[in-house]
Structures are given as C-alpha cells and as structure tokens.
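Position one of the sequence shown corresponds to residue 1 (full-length UniProt numbering), numbered consecutively onward. Built from N, CA and C at the ideal position, the CB exists for glycine as well. Taking it in order: structure first as structure tokens, then the write-up.
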Amino acid sequence: MLRTSSRTYCHVALIQGENRLVKDYGKTDKKRFTVKGDELWNECEKLVPPPKDKNYPRLPERKYRPGYGEFLEGCARKFTEKCAKEVAYSIFKEGKEVDKICCNKLVNMGKECHDALVEALDNLGKYEKKGKEVKEISGRVWKHCEDIVKN
C-alpha cells in the first residue's frame, strides 16, 4: 500500500510541477518545458522505484519517451567537438586513448548521456563496428575515463 500511495504522491507532484512549469515557461517555450518535465519525472522515478511485480506497466525506454531528441541535444552541448571526435574515434575506430581533458568532459556529461550518444551514432550505421561490440568498447572507454578522472 505504501508503494501505491507513494506512486500516487509522485504522480500528483509531477502534475503540480508541470502546472508550475507552464506558468514559469509559458506555452511558447515547449522545448524547455519538455526538458524540465522529463527532469521532474526522472527525479520522481528515483524516489519511487517501480514495484517488482512484473505485471505492473513499466515506462518505455528513454529513447521512446517524449523529449528524447532534446535530451540528446542537451548531452551533445555538454561536450566539445574535439572531444566528441576523440571519443567517437576511440570507440568506432579504436584509435588512441581519450585524453584527460576529454575524459573529464565525458565523465561530467554522465553515463546516461554517453550511452545514449553512442547508441545514436551506432544506429546511424556509418561504422563497421556495431551493436554489442560498440557497447563493449564504449564501456571500456567509459571505465578508462572514470579511472583517469579519479586520479
């Protein structure tokens, strides 16, 4: 019962938050509204994890939810073109390791952004490496950068 009431509270908080966003951003600034709405829902989702009952409807993957394009654009803006090329080359062409400056930018961008951008590039189909291989290399690049940033 606690989980249900927590979910209800979370839903109410989301609706109230969206109403506040409409007042703050107005109906004309749809992009900012969508991004803020997604952020609000993600916070809500963290507070009330989905129940383990497999019959409970789950949210679709982030890439299928509204605002995904804006999310990717926001991720890309957190990164410089030089670093984006360096990371992409390291993953898709297995070039040199990513340097400390770009690793710092990558880790600050966040794993969710990194994974989403790599998947988007992989889906373009311009590279020889695909799917599982790209995910494995991407994971190694992320780990390498985390290790560099920690030191």
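query	result
Whole-angstrom distance between E112 and E86, CA atom to CA atom	19 Å
Segment limits, alpha helix (DSSP H) that includes N123	111 to 124
Buried or exposed (CB count within 10 angstroms, at least 16 for buried), L2	For L2, the predicted model reports a pLDDT of 37, less than 50, meaning its position is unreliable; a value from the coordinates is still stated below. Label assigned to L2: exposed.
Burial state of I91 (16 or more Cβ within 10 Å)	buried
For D38 and G67, believed in contact at Cβ under 8 Å, the rounded distance	5 Å
Beta-carbon gap between L72 and A116 smaller than 8 Å	yes
Collapsed DSSP secondary structure at N151 in the structure displayed	coil
8 Å CB neighbourhood of R65 in its chain, flanking five on each side removed	D38, L59
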